[in-house]
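Quick note, our numbering runs 2 ahead of the 1-based positions in the sequence shown.
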Amino acid sequence: MSEHAPRWALAEDGDGRWHATPLPPTPGGARVTTTNPAEAIRAAPEGTRWVWRSTPAVYPRLLAAGIRVDRCHDIEDAELLLLAHEGRLGEPRSAAAAWARLRNAPVPPDPPQRAAEPGSQHSLFDPQPAPVPLDALVAVHADQAKRLDATAHPDRMRLLVASESAAFLVAAEMNRAGLPWRADVHRALLTELLGERYAGRGQPRRLAELADDVSAAFGRRVRPELPADVVKAFGEAGIKLKSTRRWEIQDLDHPAVAPLLEFKKLYRIYTAHGWAWLADWVHDGRFRPEFIPGGTFTGRWVTNGGGALQIPKVIRRAVVADPGWRLVVADADQMEPRVLAAISRDPAFMEVAGRPEDLYTSISRQGFSGDRDMAKLAVLGAVYGQTSGDGLKNLAALRRRFPRAVAYVDDAAKAGEEGRLVRTWLGRTCPPPADPEEAEEAPDGWTPSYASTDARARGRFTRNFVVQGSAADWALLMLAALRRSLAEAGMRAELVFFQHDEVIVHCPQEEAQAVAEAIRAAGELAGRITFGETPVRFPFTTAVVECYADAK
3 MSEHAPRWAL AEDGDGRWHA TPLPPTPGGA RVTTTNPAEA IRAAPEGTRW
53 VWRSTPAVYP RLLAAGIRVD RCHDIEDAEL LLLAHEGRLG EPRSAAAAWA
103 RLRNAPVPPD PPQRAAEPGS QHSLFDPQPA PVPLDALVAV HADQAKRLDA
153 TAHPDRMRLL VASESAAFLV AAEMNRAGLP WRADVHRALL TELLGERYAG
203 RGQPRRLAEL ADDVSAAFGR RVRPELPADV VKAFGEAGIK LKSTRRWEIQ
253 DLDHPAVAPL LEFKKLYRIY TAHGWAWLAD WVHDGRFRPE FIPGGTFTGR
303 WVTNGGGALQ IPKVIRRAVV ADPGWRLVVA DADQMEPRVL AAISRDPAFM
353 EVAGRPEDLY TSISRQGFSG DRDMAKLAVL GAVYGQTSGD GLKNLAALRR
403 RFPRAVAYVD DAAKAGEEGR LVRTWLGRTC PPPADPEEAE EAPDGWTPSY
453 ASTDARARGR FTRNFVVQGS AADWALLMLA ALRRSLAEAG MRAELVFFQH
503 DEVIVHCPQE EAQAVAEAIR AAGELAGRIT FGETPVRFPF TTAVVECYAD
553 AK
């Protein structure tokens, strides 16, 4: 994250030419014009931090040409973070919009976000917005630097922008590498779980059998994939239901329950990760779902297709390392409670979070009679706002032991209830409350909790936002540190998967232990860079496996 690296700006002019210049530009200074952006990259010093409009729009082309970039400043992602920090979230965030605002010109809307096409590696927006000239890009970058200096904690906010820009580099490299996936193993799993497929569009044998069992239990034909049909059938049997969720039906005394629950479990696999999914998303032994950093308001990543962050454990059996390679699967241990300890600066909580043992076990000795489950519920209740029943009693016990930690999330909840903005440790800002008139016009179920006009709902959101979002801040630094250490060590290892508390590296078998150590070191370094010097540890549970399903 060095601020001393040379900086160059790179922009496309819309006529197939790319222009690059050092920053700050000087009259008569070096300037590169080329039809190939890779040539511009090669013209700059090694280790240059590149300033460009959008990493997803530029970096995949460079990777295809065999060019790897160490650092970048993503103008459009930085604009999104700055607009949110200024309470202007929702305004267009494209480089063209930022340039228009600088000139007091009409601001163009952002292009609509597209859904990913299976097997594609396009950028996030289709069609692309109008190109921004190099001089305009340079001006927008200079303006963003001034706005960063004006934030509440400039050093932290600059770190957030730099680390999320680095995350977009990681995501592009992950999208290119792909998650190793054995289509033959996946097909065998589907046949094992669901049975043979019938000709035409009928459901596979096992689902058809379970559907028949459900119908037989009700004494008439019922389609178990249709919740309304199931609710109606139970109603005819004298059982009133509001939904067909597992928790609502699993304890019912009715012969349809067992086959219905089994049908629902297998039907989810059939529709979400069945044969059609496999044909769409797995090609040449790789699954590429298009990872998007900061895809949620809290900064957590999402994917633009393929459901990569919700792969059932049974389907993970198809995620198999290449011959002679291994998957290093690392889960951050109790990440959010450790983050709460670091951001609240609660001395007692930081001391506990710095011990070498399980965090919840340590907390259980601080007023929970050694009951780990009770301690875990208390901590998660504080973060997620469970303030009734046993949750209230557990929270009171937690408040006595760690008053500053609980006060930190209480203050965030109060700010949310009062309609104020809250920020993560590095400065990512929550959305403002919804306009009441807009909320009234929204379709039922559309308005999310962060935008709710209900003060308590918004308070629950902001309570969690400061913790979950700060954990996402830490994860950005961890990924950037890991990416750098793997590259500096000259390893063949590739980052291939990430979600908020888990990372997977695909590497030759002989590199596996070094990769595991690199992950551990990256977690500790990220803790120091993000939160400063604290006693808090950020350990991982790491497994070196051939198959993803064997990691847990």
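No residue lacks a Cβ here, since even glycine has one placed at the ideal position from N, Cα and C.
It should be emphasised that the depicted structure is a prediction, and the values quoted were computed from it without experimental measurement.
Can you tell me whether residue i is buried or exposed? The criterion is at least 16 other CB atoms within 10 Å of its CB, across all chains shown.
{"i": "Gln252", "result": "exposed"}
{"i": "Tyr200", "result": "exposed"}
{"i": "Thr298", "result": "exposed"}
{"i": "Gly387", "result": "buried"}
{"i": "His275", "result": "buried"}
{"i": "Leu487", "result": "Looking at the sequence shown, residue 487 is not Leu but Ser. It is buried - the Cβ of Ser487 has at least 16 other Cβ atoms within 10 Å."}
{"i": "Pro445", "result": "Confidence in Pro445 is poor, its pLDDT being 38 and thus under 50, which makes the residue's placement too unreliable to answer from."}
{"i": "Lys378", "result": "buried"}
{"i": "Pro47", "result": "exposed"}
{"i": "Glu440", "result": "Caution applies to Glu440, whose pLDDT of 46 falls short of 50 and renders its modelled position unreliable; the model cannot decide the point."}
Which residues in the same chain as residue i place their Cβ atom closer than 6 Å to its Cβ, once the five residues preceding and following it in sequence are excluded?
{"i": "Ala219", "result": "Pro257, Ala258"}
{"i": "Ala132", "result": "Ala98"}
{"i": "Trp448", "result": "At Trp448, the pLDDT of 35 sits below 50, so the modelled position is not reliable and the matter cannot be decided from this model."}
{"i": "Arg425", "result": "Thr431"}
{"i": "Ala138", "result": "Trp101"}
{"i": "Val34", "result": "Ala22, Ala42, Ala45"}
{"i": "Ala482", "result": "Ser165, Ala168"}
{"i": "Arg374", "result": "Tyr362, Thr363, Ser366"}
{"i": "Arg318", "result": "Tyr550, Ala551"}
{"i": "Arg207", "result": "Gly197, Glu198"}
Tell me which same chain residues have a C-beta within less than 8 Å of the C-beta of residue i, skipping the five on either side of it?
{"i": "Leu263", "result": "Arg248, Ile251, Gln252"}
{"i": "Arg485", "result": "Ala168, Leu171, Val172, Glu175, Leu497"}
{"i": "Thr37", "result": "Gly18, Arg19, Trp20"}
{"i": "Glu504", "result": "Val331, Ala332, Asp333, Ala334"}
{"i": "Ala399", "result": "Gly369, Phe370, Ala380"}
{"i": "Val316", "result": "Leu191, Leu195, Ile271, Ala551"}
{"i": "Thr246", "result": "Pro229, Val232, Val233, Leu262, Lys266"}
Which residues in the same chain have their Cβ closer than 7 Å to the Cβ of residue i, if we skip the five residues on either side of it in sequence?
{"i": "Leu104", "result": "Ala141, Val142, Asp145"}
{"i": "Ala514", "result": "Arg328, Val330, Val546"}
{"i": "Glu78", "result": "Arg55, Ser56, Arg95, Ser96, Ala97"}
{"i": "His155", "result": "Gly429"}
{"i": "Arg149", "result": "Leu84"}
{"i": "Gly421", "result": "Pro435"}
Alpha carbon to alpha carbon, how far is residue j from residue i? Give it in angstroms, no decimals.
{"i": "Arg288", "j": "Gly307", "result": "14 Å"}
{"i": "Trp101", "j": "Pro108", "result": "10 Å"}
{"i": "Trp279", "j": "Lys266", "result": "18 Å"}
{"i": "Phe370", "j": "Leu397", "result": "11 Å"}
{"i": "Asp215", "j": "Thr193", "result": "20 Å"}
{"i": "Trp586", "j": "Leu162", "result": "One cannot answer for residue 586 here, as it falls past the ends of the chain, which runs 3 to 554."}
{"i": "Pro26", "j": "Pro8", "result": "10 Å"}
{"i": "Leu254", "j": "Ser217", "result": "17 Å"}
{"i": "Pro325", "j": "Thr543", "result": "24 Å"}
{"i": "Glu442", "j": "Leu191", "result": "Residue placement at Glu442 cannot be trusted, given a pLDDT of 43 that sits under 50; the coordinates are not used to answer."}
{"i": "Gly301", "j": "Thr464", "result": "13 Å"}
{"i": "Asn106", "j": "Ala13", "result": "22 Å"}
{"i": "Val304", "j": "Phe499", "result": "11 Å"}
{"i": "Ala210", "j": "Thr273", "result": "14 Å"}
{"i": "Lys554", "j": "Leu423", "result": "38 Å"}
{"i": "Ala235", "j": "Gln205", "result": "21 Å"}
{"i": "Arg522", "j": "Val134", "result": "41 Å"}
{"i": "Ala473", "j": "Ala344", "result": "10 Å"}
{"i": "His87", "j": "Asp282", "result": "39 Å"}
Answer yes or no: do residue i and residue j have a C-beta to C-beta separation smaller than 7 Å?
{"i": "Asp76", "j": "Thr57", "result": "yes"}
{"i": "Gly180", "j": "Arg90", "result": "no"}
{"i": "Ala11", "j": "Val60", "result": "no"}
{"i": "Tyr269", "j": "Ser346", "result": "no"}
{"i": "Ala213", "j": "Pro226", "result": "yes"}
{"i": "Pro293", "j": "Ala350", "result": "According to the sequence shown, residue 293 is Phe rather than Pro. No, the pair does not count as a contact, with Cβ atoms beyond the cut-off."}
{"i": "Leu479", "j": "Ile531", "result": "yes"}
{"i": "Leu574", "j": "Gln115", "result": "This structure cannot speak to residue 574, because the chain is shown only from 3 to 554."}
{"i": "Leu65", "j": "Arg160", "result": "no"}
{"i": "Ala2", "j": "Glu512", "result": "Residue 2 cannot be examined here, being either before or after the span of the chain that is shown, 3 to 554."}
{"i": "Arg406", "j": "Asp360", "result": "no"}
{"i": "Val187", "j": "Ala320", "result": "yes"}
At a threshold of 6 Å, does residue i count as lining the ligand ZN (C-beta to nearest heavy atom)?
{"i": "Gly356", "result": "Among the components of this structure there are no ligands whatsoever, and the ligand ZN is therefore not found."}
Decide yes or no for the touch test of the region 321-341 against the region 466-473: beta carbon pairs closer than 8 Å, at least 3 of them.
Because the criterion of three Cβ pairs below 8 Å is met, the region 321-341 and the region 466-473 touch.
Cβ pair count under 8 Å reaching 3, the region 348-363 against the region 536-552:
Judged by pairs of C-beta atoms under 8 Å, the region 348-363 touches the region 536-552, as three or more such pairs exist.
With a threshold of 8 Å, are at least 3 pairs of Cβ atoms found where one atom belongs to the region 59-73 and the other to the region 401-418?
Contact between the region 59-73 and the region 401-418 is absent, because fewer than three Cβ pairs lie under 8 Å.
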